[in-house]
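**Q** In case it helps, our numbering puts the sequence shown at residues 591 to 1060.
Have a look at this one before I ask anything.
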Amino acid sequence: MGIIVRYLLMIAAASFLAVAAALPSQYSDFKLEDYNFTDVITRDVCIVGGGSTGTYAAIRLLDLGKSVVVVEHKDRMGGHTQTYTDPQTGRTVDFGVLEFHNLDIVKNYFKRFNIPLVLANSSSPGVTSYVDLRTGKEVAGYVPPDPTEALVRYAAQLTKYPYLGTGFNLTYPVPEDLLLPFGDFVTKYSLQGVVQLLSRYAQGFGDFLKHSTLYVFKYFGSAVIRDLQIGFLTTARQDNSELYEKATAELGQDVLLKSYIVAMDRDAAGAYAKVVVKTPDGLKLIQARKIILTIPPKLHNLVGWDLSSNESSLFAQFRNSAYYTSLLRHTGIPDNITVLNAASDTPYNLPVLPGAYEISPTTVPGLYTVLFGSDHPLPDAQVQADIISTISRLGTAGTLPTTIPYFAVFSSHTPYELTVPAEAIKNGFYKELYGLQGQRRTYYTGAAFYTHDSSLLWQFTETLLPLVVA
């Protein structure tokens, strides 16, 4: 087995190097006459990625009188926002993005599409059982600590860095506390009581205690603390995807779904960048005055891009964790029980990864949400097998009644949480990254440039729009 794994890793590494090596050659060989286009699309702005940020940018640019085209490789818009409709009851269940910040920008965006919002119920339904999911056994006597006092101390530390509320606009030299592994930061400022609370919000981060404190502050910032008190928002119809369905309908033919970039020339002579896109209807040429990139800027996502050596060098430094969401039927677990993964032998009883974070009931009887995380990407089949085994262990250990479940739906949200090492942050990585804004007709937004938070990404994108339309 070890030999097979090493062989597969060698193949994966070779494939990645081949992709990276292909990037500059595709640009140098770019010639329009080499392509047979079925259509030429001329727009003010080409938006790459139809997730939360790309959709928001497209709608706002339309409102500002600009023409747009969105290139999205999936068959739908919305990115991490996903909603399942139960065929028997007709009820909808969100299993991607669940909540939004209680902000005017959120209220106005949903109001634009006549989608009512309500305060979200963030509490776990029924009884919560803390189980070490490696064994399936309940962690005897475990009670999570009251986070109140530690959260106050955490918030006090956060106020030292108000500039984090607008992006990675760091001061230099970067404060040492922001570079500390968060586990060390917790010890330094006696924040042990808030770690379990943070772990519920940092799902998808991998081992967040090892991450630089900067990333935890970005993810669990002042907006989150505020809405823990006044309440988050969600859609009244429990269908967060409705926003993206209505946006897709409004954009119409200006959305190219199941499409990807083949080649581009952002330095082309004249007024337009040239973008060659493979669509289900054939190759199309997009001529755009500006380009907005909203997808994770990992090199394997940017095949076909005319990356400069500086862009390639910056994007190659990103590493990422992995996050998976799913809905399961026929688990056998009673509908009033939420299972949270709490290891019996780790600091703060944090779950061992790769593994499930939680198994929780939905509003549909017999339908359970399972959230799974890893420090590194895994094959979907491996994650699914691990989830099935995890539920089986609950039954084998006698903790809960279980049966053999099956997936109603499964989704990978990988790559998740793009980070760079502390040394790179110290040496000005984000200053260089933000320096790319506006270069070569291109602007950048999305989680890598701010944080994994739809509401706050809409705010961040709003600050870019005056530059894009100028």
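From the three backbone atoms N, C-alpha and C, an ideal C-beta is built for every residue, glycine too.
Under 7 Å, do residue 645 and residue 667 count as touching if we go by C-beta distance?
**A** Here residue 645 is taken as the residue at index 55 of the sequence shown, counted from 1. Here residue 667 is taken as the residue at index 77 of the sequence shown, counted from 1. Yes, they are a contact pair.
**Q** Give me whichever residues DSSP pairs with residue 931 in a beta bridge.
**A** Stepping through the sequence shown from its first residue, residue 931 is reached at position 341. Answer is 721, bridged to residue 931.
**Q** Hey, how far is the Cα of residue 1026 from the Cα of residue 909?
**A** Translated into positions along the sequence shown, residue 1026 becomes position 436. Translated into positions along the sequence shown, residue 909 becomes position 319. Residue 1026 and residue 909: Cα-Cα distance of roughly 19 Å.
**Q** Here's a check: name, in chain order, each residue in its chain whose Cβ is nearer than 7 Å to the Cβ of residue 919, leaving out the five neighbours to either side.
**A** What you label residue 919 is simply residue 329 of the sequence shown in a count that begins at 1. If we look at residue 919 and ignore the five residues flanking it on each side, its Cβ neighbours are 956, 957, 995, 996, 998.
**Q** Assuming residue 874 contacts residue 632 (C-beta within less than 8 Å), just tell me the rounded distance between them.
**A** Taking the sequence shown and counting its residues from 1, one reaches residue 874 at position 284. Taking the sequence shown and counting its residues from 1, one reaches residue 632 at position 42. 11 Å between Cβ atoms; not a contact.
**Q** Tell me which same chain residues have a C-beta within less than 8 Å of the C-beta of residue 782, skipping the five on either side of it?
**A** Here residue 782 refers to the residue found at position 192 of the sequence shown. Hits under 8 Å: 735, 740, 776, 938.
**Q** Using CA atoms only, rank isn't needed, just tell me which of 663, 767, 886, 1042 is closest to residue 751.
**A** The residue labelled residue 751 in the question sits at position 161 within the sequence shown. Closest by alpha carbon: 767.
**Q** In this structure, how does DSSP classify residue 1010 when only helix, strand and coil are distinguished?
**A** Stepping through the sequence shown from its first residue, residue 1010 is reached at position 420. Residue state, collapsed to three classes: coil.
**Q** Would residue 1058 and residue 845 be called neighbours here (beta carbons separated by less than 7 Å)?
**A** Along the sequence shown, one-based indexing puts residue 1058 at 468. Along the sequence shown, one-based indexing puts residue 845 at 255. No, the pair does not count as a contact, with Cβ atoms beyond the cut-off.
**Q** Can you tell me where the beta strand (DSSP E) with residue 1050 in it begins and where it stops?
**A** Sequence index remark: in the sequence shown, residue 1050 carries index 460 (1-based). Looking at the DSSP string, residue 1050 is not in any beta strand (DSSP E); the run it does join, the alpha helix (DSSP H), is 1044-1059.
**Q** Does DSSP classify residue 820 as helix, strand or coil?
**A** One-based indexing of the sequence shown puts residue 820 at position 230. The answer is helix: DSSP assigns residue 820 an H, G or I state.
**Q** If you draw a straight line from the alpha carbon of residue 946 to that of residue 654, how long is it in whole angstroms?
**A** Sequence index remark: in the sequence shown, residue 946 carries index 356 (1-based). Sequence index remark: in the sequence shown, residue 654 carries index 64 (1-based). If I take the Cα positions, the gap works out to 43 Å.
**Q** By alpha-carbon positions, which one of 703, 882, 1017 ends up nearest to residue 761?
**A** The residue you call residue 761 lines up with position 171 of the sequence shown. Nearest of 703, 882, 1017 to residue 761, Cα basis: 1017.
**Q** Considering only residues of the stretch 848-933, which uninterrupted alpha helix (DSSP H) runs meet the minimum length of 4 residues and lie entirely inside it, listed in chain order?
**A** List check, alpha helix (DSSP H) in window: 899-905.
**Q** So is the beta-carbon of residue 747 under 6 Å away from any non-hydrogen atom of the ligand NAP?
**A** The ligand NAP is not part of this structure, which contains no ligands at all.
**Q** From the DSSP secondary-structure annotation, give me the bridge partner or partners of residue 948.
**A** Translated into positions along the sequence shown, residue 948 becomes position 358. Paired residues: 930, 961.
**Q** Once DSSP output is grouped into helix, strand and coil, what is the label at residue 813?
**A** Translated into the one-based positions of the sequence shown, residue 813 becomes position 223. Looking at residue 813 - three-state DSSP - the assignment turns out to be helix.
**Q** To the nearest angstrom, how far is it from the Cα of residue 1051 to the Cα of residue 884?
**A** Looking up residue 1051 in the sequence shown gives position 461. Looking up residue 884 in the sequence shown gives position 294. About 10 Å.
**Q** Identify whether residue 1037 lies in helix, strand or coil by the three-state DSSP scheme.
**A** As a position in the sequence shown, residue 1037 is number 447, starting the count at 1. In the structure shown, residue 1037 sits in a helix (DSSP, three-state: H, G or I).
**Q** I need the straight-line Cα distance from residue 795 to residue 1029, nearest angstrom please.
**A** The residue you call residue 795 lines up with position 205 of the sequence shown. The residue you call residue 1029 lines up with position 439 of the sequence shown. Answer to the nearest angstrom: the Cα atoms are 30 Å apart.
**Q** Given this structure, state the Cα-to-Cα distance separating residue 923 from residue 831, to the nearest angstrom.
**A** For the purposes of this step, residue 923 is taken as residue 333 along the sequence shown, with counting starting at 1. For the purposes of this step, residue 831 is taken as residue 241 along the sequence shown, with counting starting at 1. Taking the straight line from one Cα to the other gives about 28 Å.
**Q** Checking the sheet assignment: what are the DSSP bridge partners for residue 631?
**A** Residue numbering aside, residue 631 sits at position 41 when the sequence shown is read from its first letter. Partner(s): 876.
**Q** Quick one: Cα of residue 914 to Cα of residue 927, how far?
**A** If you number the sequence shown from 1, residue 914 lands on position 324. If you number the sequence shown from 1, residue 927 lands on position 337. Each residue's alpha carbon lies about 21 Å from the other.
**Q** Compare the C-beta of residue 777 with all C-beta atoms of chain D and state if any pair is closer than 7 Å.
**A** Included in the structure is just one protein chain, with no chain D present.
**Q** Under 8 Å by Cβ, that's how I've got residue 799 and residue 931 pegged, so tell me the actual separation to the nearest angstrom.
**A** Here residue 799 refers to the residue found at position 209 when the sequence shown is read from its first residue. Here residue 931 refers to the residue found at position 341 when the sequence shown is read from its first residue. Contact flag wrong, Cβ pair sits at about 15 Å.
**Q** Please check the pair residue 683 and residue 952, which I expect to be a contact at CB under 8 Å, by giving their CB distance rounded to whole angstroms.
**A** Position 93 of the sequence shown holds residue 683. Position 362 of the sequence shown holds residue 952. Going by Cβ atoms, the distance from residue 683 to residue 952 rounds to 5 Å, so yes, they are a contact pair.
**Q** For residue 905, which option in 1022, 681, 649 has the closest C-alpha, if you only look at C-alpha atoms?
**A** The residue labelled residue 905 in the question sits at position 315 within the sequence shown. Nearest C-alpha to residue 905: 1022.
**Q** Return the chain-ordered list of same chain residues with a C-beta closer than 6 Å to the C-beta of residue 700, the five sequence neighbours on each side being excluded.
**A** Reading the sequence shown from its first residue, position 110 is the one you call residue 700. 707, listed in sequence order.
**Q** Is residue 727 helix, strand or coil when you go by DSSP?
**A** Within the sequence shown, numbered from 1, the residue matching residue 727 stands at position 137. In this structure, residue 727 counts as strand in the three-state DSSP scheme.
**Q** Could you check whether the stretch 880-897 touches the stretch 970-977, counting it as contact only if at least three pairs of C-beta atoms, one from each stretch, sit closer than 8 Å?
**A** Cβ pair count under 8 Å is below three, so no.
**Q** In angstroms, rounded to a whole number, what distance separates the CA positions of residue 1046 and residue 774?
**A** Position 456 of the sequence shown, counting from 1, holds the residue named residue 1046. Position 184 of the sequence shown, counting from 1, holds the residue named residue 774. So the two alpha carbons sit approximately 27 Å from each other.
**Q** When the Cα atoms are used, what is the spatial distance from residue 1014 to residue 889?
**A** Mapped onto the sequence shown, residue 1014 falls at position 424. Mapped onto the sequence shown, residue 889 falls at position 299. Going from the Cα of residue 1014 to the Cα of residue 889 covers about 18 Å.
**Q** Report the option in 803, 784, 772, 849 whose CA atom is closest to the CA atom of residue 638.
**A** Here residue 638 corresponds to residue number 48 of the sequence shown, with the count starting at 1. Among 803, 784, 772, 849, the Cα nearest to that of residue 638 belongs to 849.
**Q** Residues in the same chain with beta-carbon distance under 6 Å from residue 688, minus the five sequence neighbours each way, listed in chain order, please.
**A** Within the sequence shown, residue 688 is the residue found at index 98, counting from 1. The answer is none, since no qualifying residue turns up.
**Q** Pop quiz: residue 721 and residue 929 are said to be a contact at Cβ under 8 Å. What is the actual Cβ separation, rounded to whole angstroms?
**A** Residue numbering aside, residue 721 sits at position 131 when the sequence shown is read from its first letter. Residue numbering aside, residue 929 sits at position 339 when the sequence shown is read from its first letter. Yes, they are in contact, since the Cβ atoms of residue 721 and residue 929 sit about 5 Å apart, within 8 Å.
**Q** The beta strand (DSSP E) that contains residue 1002, what's its start and end?
**A** As a working note, residue 1002 is residue 412 in the sequence shown. Here the beta strand (DSSP E) through residue 1002 covers 996-1002.
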